[in-house]
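A.B. asks: This is the structure I want to talk about, given as structure tokens.
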Amino acid sequence: MEYLSVESLGYLFYTVSPNRTTYEAVDEVPNYIVETIPWILIFVVVERAFFSLSKRPLRINDLLGSASQGLMTEISRHSGLSQFSPCGALEVNILWAAHQVHHSSEDYTLSTALRQSVLLSQLLWVFYLPAALVVPPAPFWVHFQLNFTYQFWLHTEVINRLDLSSTY
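Take the sequence shown: its position 143, counting from 1, is numbered 1138 in the working numbering, and each next residue is one higher.
Here it is, written out as structure tokens:
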């Protein structure tokens, strides 16, 4: 694992080389999420500094709530339980009830991306069963992780657009 490398920074933007992310077996796939944690922490601190310089109020309780929820989800994921993203949770009420933890932050900051529901991470594996019919497990796991890390950028008010094709 190369922490704080340009390559691991690229994982946050989903900019990767197909040659460096192609694997035959799931156990060969690196943990891209863990490799991006140092970058995530750096960007959360930079965002906090930006808010401080712009005289925006800092809610430390919100940051701690988001970070502790993210830590609980990671502990859940590494204890043999699976973590999946909230596809479909916006349409199904019981899943929305589990997903709303993610949307309970008072501020829309990068630390909000860490706020994941432990319950939701255990319910959504069902939505990925159809992909198992057509996508081999190793490529699925690579792209699941890279998509998950890319979602980090969607949780801040500081960045209005990520690319030239985005519209708001």
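Cβ coordinates follow ideal geometry from the N, Cα and C atoms, glycine included.
1. Please classify Arg1015 as buried or exposed, where buried requires at least 16 other C-beta atoms within 10 Å of its C-beta.
2. Please tell me whether Glu1042 and Leu1105 are closer than 7 Å, where the distance is taken between their beta carbons.
3. Rounded to a whole number of angstroms, what is the C-alpha to C-alpha distance between Arg1110 and Phe1038?
4. Mapping DSSP to helix, strand and coil, what is Glu1030?
5. Quick check on the DSSP output: the alpha helix (DSSP H) that includes Pro1132 runs from which residue to which?
6. Only counting the same chain, and skipping five residues up and downstream in sequence, which positions put a Cβ closer than 7 Å to that of Leu1053?
7. Between which two residues does the alpha helix (DSSP H) carrying Pro1025 extend?
8. Restricting to runs no shorter than 4 residues, where is the alpha helix (DSSP H) found entirely within the region 999-1024?
9. Using alpha carbons as the reference points, say which of Ile1028, Thr1017 and Asp1022 lies closest to Ser1170.
10. If contacts are defined as beta-carbon pairs under 8 Å, then Val1024 and Ala1133 qualify, I think. What distance do you get, rounded to the angstrom?
11. Mapping DSSP to helix, strand and coil, what is Leu1149?
12. Could you name the residues of the same chain whose beta carbon sits closer than 7 Å to that of Phe1164, not counting the 5 residues immediately before and after it, in chain order?
13. Comparing alpha-carbon positions, which option in Thr1031, Tyr1018, Asn1026 and Thr1107 lies nearest Ser1000?
14. Anyone know if the C-beta pair for Tyr998 and Thr1144 falls short of 7 Å?
15. Can you tell me the Cα-Cα spacing of Tyr1103 and Ile1055, whole angstroms?
C.D. replies: Taking the geometry as given:
1. exposed
2. Result yes, Cβ atoms of Glu1042 and Leu1105 sit closer than 7 Å.
3. 16 Å
4. helix
5. Pro1132 to Tyr1145
6. Excluding residues up to 5 positions away in sequence, Arg1043, Phe1046 and Ser1047 lie with their Cβ nearer than 7 Å to the Cβ of Leu1053 in the same chain.
7. Pro1025 -> no alpha helix (DSSP H), and no H or E assigned at all.
8. 1001-1007
9. The structure shown does not extend to residue 1170, since the chain is modelled only from 996 to 1163, so the question has no answer here.
10. 6 Å
11. The answer is helix: DSSP assigns Leu1149 an H, G or I state.
12. The structure shown does not extend to residue 1164, since the chain is modelled only from 996 to 1163, so the question has no answer here.
13. Thr1031
14. Taking 7 Å as the Cβ cut-off, Tyr998 and Thr1144 do not qualify as a contacting pair.
15. 13 Å
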